[in-house]
Amino acid sequence: MKSHTFKKTRLATSLSLVLGMGASISAMAQEAPAQAQNSEIEVISVTGIRGSLTKSMDVKRGSSGIVDAISAEDIGKFPDTNLAESLQRISGVSIDRVNGEGSKVSVRGFGADYNLVTLNGRQMPVTTGSRSFDFANIASDLISGVEVHKTSFAADPTGGIGSTINVQTLRPLSYGNTKAIINVAAVSDSSTEEGSSVTPELSGIYSTTFDNNKFGVLVSASYQERDSGSQQANVGTGWRSFPGITDNDWSGGNADWGGVPQDNQVNRPGPGDVYSVPQTTIYKFEEQQRTRTNGQLVLQYAPTDAVKATLDYTYMRNDIDTQYNDVSAWFTFAPSQNVWTDGPVSSPLIYSETYDTPADLSMAAGDYGVRNESGSLGFNIEWQASNALKLTFDAHNSTAEYKPNHEFGSNNTLSTAAFIRTSAATDFSKDLPLLAVGGGNSVQPSDMVVTGSVFGSATNKSDIDQYQLTGEYVFEEKGSIDFGIALNNVDNHSKSVNVQRNDWGGVGQAGDFDESFFPADTIHDKFTASKGDFSLASGQTFEVLNRIFMWDFAKLRDRAEELYTPAGYVGAGDCGTDFCPSTDYASDVDRYTEEESQSLFVQYNYESDFNGRQYDFHIGVRYEKTDVTSTSAVASYDGANWIAETEIELQATGIREFQTQKGSYDYFLPSINFNIEVIDDVMLRAAYSETIGRPDYVAIQGGTVVNTLANRGGGGGSSGNPSLLPLESKNIDFSAEWYYAPSSYASIGYFRKDTSNFISNTVVESTIYNIPNPVNGQKYAEAIAAVGSDALAIRNYIFANYPNAPGVDVANGVISGVAGEDNDLVFKINTPSNSDVSEVIDGWEFAIQHVFGESGVGVLANYTLVNSENEYNNFILADQPAILGISDTANAVLFYEKDGFQARIAYNWRDEFLSSRGQDTGANPQYTEAYSQIDVSASYDLPMVEGLSVYVEALNITDEYKRVHGRAKEQVLSLVEAGPRYSIGARYTF
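Residue 4 is where the sequence shown starts when you use the working numbering, and the numbers rise one by one after that.
Structure representation (structure tokens):
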């Protein structure tokens, strides 16, 4: 029969209470009866792939709910060098990759924000504004295991609707004696064009115990450099979507900026259709250098069998430097000639514009760096007060900070342009959008001028203070009770400031720079994705763009600063000009949010047998109360200048607006888990729980922030809502598991989640600040009537006919809004709010793990099928209550392990999913297309040197790329090619 030990839980309370108990614990510890420490999982001495799978299987089998796990193959040896890459092998788990590396985790269709990640049971701070943990920041060498809890208990912290993922670090008393590991590797990333061909990885662990295993010390460190790159094809700020009747005839009643003409179209969308047009087409070539440093110190002391104390400090730092060059053509929405797909959701297969006056061919570059740094100091003490009572106290203070790590800020762009573009067209019929630019391949360095620039500095700091006190009381005959309280305080402070030059029409003269500043390169030899050929536009000729200047950011910036900073001018940047970032955060956006949570829980656990079959159940309730306070200071504006065809610049007042908003909510969250071994080695499980998923930190920030650049379609902005309530879910789970052989099992599970209180974005049109709009008044209307909707023609008409009118500055090419003459500029403000829409998400999980006897061969395979009741309707031009990340997933691993040799090939697939409900153009969806990847690895334990092994690893060996589209597959938003990555290394254990 299966023996079962009830899951130990924690109770949290204030630190003062625990300190008050400290003297009692110390005095009574010596009197407590010695008692062997119980463990839910049998200790497995087998190492390697099979040992890892066996330990993971035992975690699953011995759990009180539905749990999957990944265990280290040996101390300091995790199955993958990236934790997220390992987690995706679990059924129902899928990952998001950044620069080809696993970053965030989704479980059962719920995105990273709705999966709570803890480190040794503690909530960790994040600096992205979301609630998702970035697994790229932590080295796998420091990890002993990861558990994915798919059903909820009263003792579990709230926040994980999809799952609660607990990352467990190494502990010296768990290993005993003395052990040391050194790992050295060389990494080659094929995606980089400019970086080092080989970069180093170093890690080491030292663990020892003293005084008969009463005192333990563990020190670990990891250092990794990685140079990578990518080739990207993007559609700038996104696609603009319209009802089929919308056109560009301003004399009628259906015109809008971006609307297409009724004539010169092939298969134009009809009145009953919707259609979308692209804002731009961009080719971007990026290089990135990442340096990751991790370290951990763990001290453990167990003076008696009844007391064990742990003090640990974990440090993580990830420095990322980025450089890029791009070339782009922004569509001005001049009258276009297009070829369309059929409705009801129509997309241009070919979108084409021709210009009476040459427009700009833009080439921009950036060079910036950021640092993600975090530290966590934790203390834990376990006290077996008596045979019946066990208490555990855990406290930690953790801090994470995102900040600039480069002289040019945390983000920047410096733009140049040649005003030689006579036409622009893009073929969207294949995966890679193919851009054609009239005159683009003839562009010369002497044509280039410097235009606008933005140097940004942004910081985001998160502090967490968490105190947990848990207890378990075991009755002699009637099971046990877990109970506890917790205090959790999360402080987030985000600040940002931009130094922006809005000279998008150009400064100086063509020829200001020597030709050596603009080295020429080609474009399409860098891409492998399929592309069209404009053959669908019969009778038209297109000049496919294949020329880009890969200019050096720092060199051109320095020269531009010399040329275009007037004598005596003091700029907004710290360097005294406008060609560098500022750290004057008090002049721009400053937001502080405090989230205080108090919780308590009680759970009854009972174990018995029915007709000789062992069963256990766990019934409990958790009470959670949360208070949110958000204080913000944001910039205000009082004017708008039309400075270029597609850019309207807001004029800041220099005065910030301050605001404090509050919100609060509380919940009672019940949970029931039942497990029974119906026949030998066959487990059936059933569970019901109610859980919540808190809104992300950006959504609960106060204050309204508007974009500093508007366009002819109006302005944009966003506003947080501290009064948001969490997403609520009622969960039902069933699972059947058959452990039919050592290291082998098969399982099937069903889950259903009834979600409500959905959080969606409401777009509110506002004339905040009451700013006169230079493109919504008498002069503008007269110009449209005279010359049509072409932006350049309208500007030239106003300059020619109103050279001395208020708000018209011919010399500087600026048209300003005039109060009393122009209507107010309308901003579309995105504001999150709760809706009364509910949605059911359900699915099936299938998994099998099989080891073929002593042959050394084994397989692991799983498939997860997820269904959503409310799918996003691409025909509706408004935000909709659709949950992000819903998709089917599949994994398969084949391995061989014998006589010191290990080899593994792993396949991972994720179907297409809705990744965002918004683009920069508003409520327009984003879909990440289906993606699969194959990874291989092998290692060999050298017999001539005990403890020494060598290994090789290759990721993404088939060179897959990631593609994102909008309402239809033709509406590409992003295509990113990254390439395979290889590593070779050696590991020595002694």
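Glycine included, C-beta positions come from ideal geometry on N, C-alpha and C. What you are looking at is a predicted structure, and each value in this text was computed from that prediction instead of being measured.
Please classify residue i: does DSSP put it in a helix, a strand, or coil?
i      : result
Arg174 : coil
Leu86  : helix
Ala30  : Caution is warranted here: a pLDDT of 35 is assigned to Ala30, below 50, making its placement in the model unreliable, and the coordinate value is therefore given only provisionally. Helix, per DSSP.
Gln340 : strand
Gln781 : helix
Glu731 : strand
Phe458 : strand
Asn877 : coil
Val324 : As written in the sequence, residue 324 is Asp, which differs from the Val given in the question. DSSP places Asp324 in strand when its eight states are reduced to three.
Leu603 : strand
Ile886 : coil
Leu978 : strand
Ala814 : coil
Gly719 : strand
Arg984 : strand
Ser199 : coil
Gly474 : strand
Ile937 : strand
Leu145 : helix
Ile960 : coil
Tyr567 : helix
Ala35  : Low local confidence applies: a pLDDT of 34 at Ala35 is under 50, so the model's placement there is unreliable, and no value is given.
Lys182 : strand
Lys287 : strand
Ile164 : coil
Which residues mark the beginning and the end of the beta strand (DSSP E) in which residue i is found?
i      : result
Met366 : 351 to 387
Phe396 : 392 to 407
Asp61  : Counting along the chain, Asp61 falls outside any beta strand (DSSP E), though it belongs to the alpha helix (DSSP H) covering 51 to 65.
Lys756 : 747 to 759
Ala971 : Counting along the chain, Ala971 falls outside any beta strand (DSSP E), and DSSP gives it neither H nor E.
Ile488 : 483 to 504
Does the distance from the C-beta atom of residue i to that of residue j stay below 9 angstroms?
i      : j      : result
Asn102 : Arg295 : no
Asp561 : Ala575 : no
Asn760 : Asn676 : no
Pro835 : Trp645 : no
Ser413 : Gly459 : yes
Leu865 : Gly720 : The amino acid occupying residue 865 in the given sequence is Asn; Leu does not appear at that position. No, these two residues do not count as a Cβ contact at 9 angstroms.
Ala139 : Asn186 : no
Gly718 : Val701 : no
Leu730 : Pro698 : yes
Please list the terminal residues of the continuous alpha helix (DSSP H) segment that includes residue i.
i      : result
Glu857 : That residue, Glu857, is in no alpha helix (DSSP H); it is neither H nor E in DSSP.
Ala796 : 794 to 804
Ala3   : The question about residue 3 has no answer, for the chain in this structure spans 4 to 993.
Closest to residue i by CA distance: which of the options is it?
i      : options                        : result
Val592 : Phe530, Val547, Gln704         : Gln704
Val829 : Ile774, Gly378, Ser233, Asn870 : Ile774
Gly262 : Gly255, Val269, Asn251, Gln268 : Asn251
Tyr691 : Ile484, Ser674, Thr707, Val681 : Ser674
Val190 : Ala388, Gly198, Arg424         : Gly198
Met127 : Pro160, Phe218, Ser109         : Pro160
Ser997 : Tyr209, Ala224, Val457, Phe213 : The structure shown does not extend to residue 997, since the chain is modelled only from 4 through 993, so no value can be given for it.
Asp192 : His968, Gln974, Ala957         : Ala957
Trp242 : Gln936, Thr317, Ala513, Gln282 : Gln282
Phe737 : Tyr700, Tyr371, Asp466, Asp845 : Asp845
Arg125 : Ile285, Gln268, Leu472         : Leu472
Ala461 : Arg374, Ala427, Val477, Leu438 : Arg374
Pro806 : Ser133, Lys782, Thr531, Ala822 : Lys782
Any heavy atom of the ligand PLP closer than 8 angstroms to the CB of residue i?
i      : result
Tyr117 : Looking at this structure, you won't find the ligand PLP or any other ligand, since it has none at all.
TODO: Answer yes if the stretch 737 to 750 comes into contact with the stretch 680 to 691, meaning at least three C-beta pairs across the two stretches below 8 angstroms, and no otherwise.
DONE: yes
TODO: Decide if the stretch 883 to 894 is in contact with the stretch 907 to 918; the criterion is three or more beta carbon pairs, one per stretch, under 8 angstroms apart.
DONE: yes
Open item on the list: So, does the stretch 244 to 258 touch the stretch 779 to 797, judging by three or more C-beta pairs under 8 angstroms?
Closed with: yes
Task: Contact the stretch 641 to 658 vs the stretch 605 to 623: 3+ CB pairs below 8 angstroms - done: no
Open item on the list: Measuring CB atoms only, is the stretch 361 to 370 touching the stretch 330 to 340, in the sense that at least three cross pairs come out at less than 8 angstroms?
Closed with: yes
Task: Validate contact between the stretch 301 to 315 and the stretch 337 to 346 using beta carbons, cut 8 angstroms, 3 pairs - done: no
Task: Cβ contact check for the stretch 382 to 389 and the stretch 433 to 451: 3 or more pairs under 8 angstroms - done: no
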